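Asker: So that we are looking at the same thing, I have put the structure below in C-alpha cells.
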Amino acid sequence: MSRSVATWLDFAGLTGTKCFRNAYLVGITAGFSAGSFAFLKTWNGLRAGNWAIGAFAVGTMAAWHTCSHFHNEHVKKMHALADQLNRKQAELNDRSPEPPTTTPPSS
Numbered sequence: 288m289s290r291s292v293a294t295w296l297d298f299a300g301l302t303g304t305k306c307f308r309n310a311y312l313v314g315i316t317a318g319f320s321a322g323s324f325a326f327l328k329t330w331n332g333l334r335a336g337n338w339a340i341g342a343f344a345v346g347t348m349a350a351w352h353t354c355s356h357f358h359n360e361h362v363k364k365m366h367a368l369a370d371q372l373n374r375k376q377a378e379l380n381d382r383s384p385e386p387p388t389t390t391p392p393s394s
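Laid out in C-alpha cells, this is it:
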C-alpha cells in the first residue's frame, strides 16, 4: 500500500474555493483573540496555544459554512429569477404579432 504525501501543488487551488478567504480571515482573528485572551488569563503558553488552534478551527468552519449557505441561497435565487425571465421572454415571443410583410413596389 503506497503512502500519499501532500505537496504544495495540492493546496494551489485552495484560494479559489468559494468563501475560503473570508473564512480563513475569521479563523485567524478568532484564533488570535482566543489565544491572546487565554494567555492573559492563565499565563500558560501551551493552554493558550490550544485555545488559539481550537478557536481557529471552529471559527473557520463556522464562517465557511455560513458563507457557503448564503452563497448557495443566492445561487438558487438567481436560477429562479433566470427561469422566470426566460418564461416571460418566451411568453412575450408567443404573443408578439408577426411583422408585416412588405410587398415589392409595382412598376
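If you want our numbering, it's the 1-based position in the sequence shown plus 287.
We put the beta carbon where it would ideally sit given N, CA and C, even for glycine.
For clarity, every value in this text was computed on a predicted model and none was experimentally measured.
#1: Inspect the beta-carbon positions of A350 and N309 and report whether they are closer than 8 Å.
#2: In three-state DSSP terms, what is T388?
#3: Tell me which same chain residues have a C-beta within less than 6 Å of the C-beta of G346, skipping the five on either side of it?
#4: Do A321 and A342 count as a contact pair if the criterion is CB distance below 8 Å?
#5: Should the segment 350-360 be regarded as contacting the segment 294-306, the criterion being three or more beta carbon pairs within less than 8 Å?
#6: A299: buried (16+ other C-beta within 10 angstroms of its C-beta) or exposed?
Answerer: Working from what's here:
#1: In this structure, N309 lies closer than 8 Å to A350 by Cβ.
#2: T388 carries a coil assignment under DSSP once its states are collapsed to helix, strand and coil.
#3: V313, G314 and A317.
#4: Pairing A342 with A321 gives a Cβ-Cβ distance under 8 Å.
#5: Contact check between the segment 350-360 and the segment 294-306: three or more CB pairs, one atom from each, fall below 8 Å, which counts as touching.
#6: Exposed.
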